[in-house]
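Read the structure below first, then the notes.
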Amino acid sequence: MQFTGNSAAITLDDDLRLRSIGACPWLACLSRGTASLAEAGADTHVSWGRWTGGNAAIHVLGIPATLALNDRQGIHYLVGVPTSSMPTSGTFSYSLQGATRPTVSDGSMAPGSFQAHATVQFSTGQQSLIGLSAKVEMPAFTVTFIAPLSATGANRLSMTSATEFSGTLSATLNASQGALAGSVPNATANCQAGGCNVQVQGGFYGPAAAQMGVGYTITGAAGGNRTISGVGVLQKGP
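The opening position of the sequence shown corresponds to residue 7 in the working numbering, with each subsequent residue numbered one higher.
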């Protein structure tokens, strides 16, 4: 179950942290249940965090189910108020305001850390350009991904609506040969052969695109069918 864009209703608690998303409980709905909150942050325009270490609750057509999460796993969320009037000119830098710790889908390793910065060249319509440089550090390896500030070519981010963007980026993995008892060397070879990529989705929030949200899913870097995911919020500078 995935909720993206402006399609889903959200419910926040008194601290502006996500309680549920979707049409609860009769249609498609995902709620926190007994899961704990980690790396949660919020302000007037955006809220982010990770559900972990408990049972999230799922309802599909009124039928309940649970999704068990250990303390190394996470359901990452980022919700906010989309920018109502986007800038149409100017180039601005964005620095990391807050982020969840990236997690491997099967919980087979401890969560990592996320670093990022971005540059946005605003224009009219969907012509704005987005440059992103990001690094995910896991216990045994590091994954980097970069989107150039470019209007053409592959490996870039493109606006998909007035406030949202997405793209598939190439990933670079660095790890010691002894990491993860042989799993990471295989993943390293896979990444060197172009088999690692990052699916990025994001949007702009608050007045004059004051904040930029980024969600990412990395495939191929953790070995097998495992993925690495997380979210981050970046704040506009001068």
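From the three backbone atoms N, C-alpha and C, an ideal C-beta is built for every residue, glycine too.
Please go through the same chain and pick out, in chain order, the residues whose beta-carbon is closer than 8 Å to the beta-carbon of residue i, but skip the five residues on each side of it.
i: G243; result: F98, S99, Y100, S101
i: T130; result: T94
Is it right to say residue i is buried, meaning 16 or more other beta carbons lie within 10 angstroms of its own, or is it exposed?
i: A46; result: buried
i: A74; result: exposed
i: P213; result: exposed
i: Q79; result: buried
i: S134; result: buried
i: A116; result: exposed
i: S235; result: buried
i: I224; result: buried
Using only CA atoms, which one of the options lies nearest to residue i?
i: N161; options: R56, G96, L138; result: L138
i: Y222; options: S37, D19, V142, A63; result: V142
i: S91; options: G55, G60, F128; result: F128
i: T148; options: A177, G159, A124; result: A177
i: T233; options: L24, C202, A216; result: C202
i: I124; options: G113, D112, N180, A140; result: Correcting the residue type first, residue 124 is Ala in the shown sequence and not Ile. Checking every option, the nearest Cα to that of A124 belongs to A140.
i: G226; options: A215, Q217, C197; result: C197
i: T150; options: A216, G118, A15; result: G118
If you check the beta carbons only, do residue i and residue j fall under 7 Å apart?
i: F210; j: T89; result: yes
i: C35; j: H82; result: no
i: V52; j: G86; result: yes
i: L22; j: A44; result: no
i: D77; j: G59; result: yes
i: Q121; j: Q241; result: no
i: S26; j: T17; result: yes
i: T106; j: V204; result: no
i: G219; j: V239; result: yes
If residue i and residue j are in contact, beta carbons under 8 Å, what's the gap, nearest whole angstrom?
i: V206; j: L155; result: 15 Å between Cβ atoms; not a contact.
i: A153; j: I136; result: 7 Å
For residue i, which residues from the same chain have a beta carbon less than 6 Å from its beta carbon, with the 5 sequence-adjacent residues on both sides left out?
i: L186; result: Below a pLDDT of 50, predicted positions are generally treated as unreliable, and L186, at 47, falls in that range; the measurement from the model is reported next regardless. The answer, listed in chain order, is A146.
i: D20; result: none
Using a Cβ-Cβ cut-off of 7 Å (strictly less than) and excluding sequence neighbours within five positions of residue i, which residues of its own chain qualify?
i: T166; result: S172
Does chain D have any CB closer than 7 Å to the CB of residue i?
i: D19; result: Among the chains of the structure shown, chain D does not appear; only one protein chain is present.
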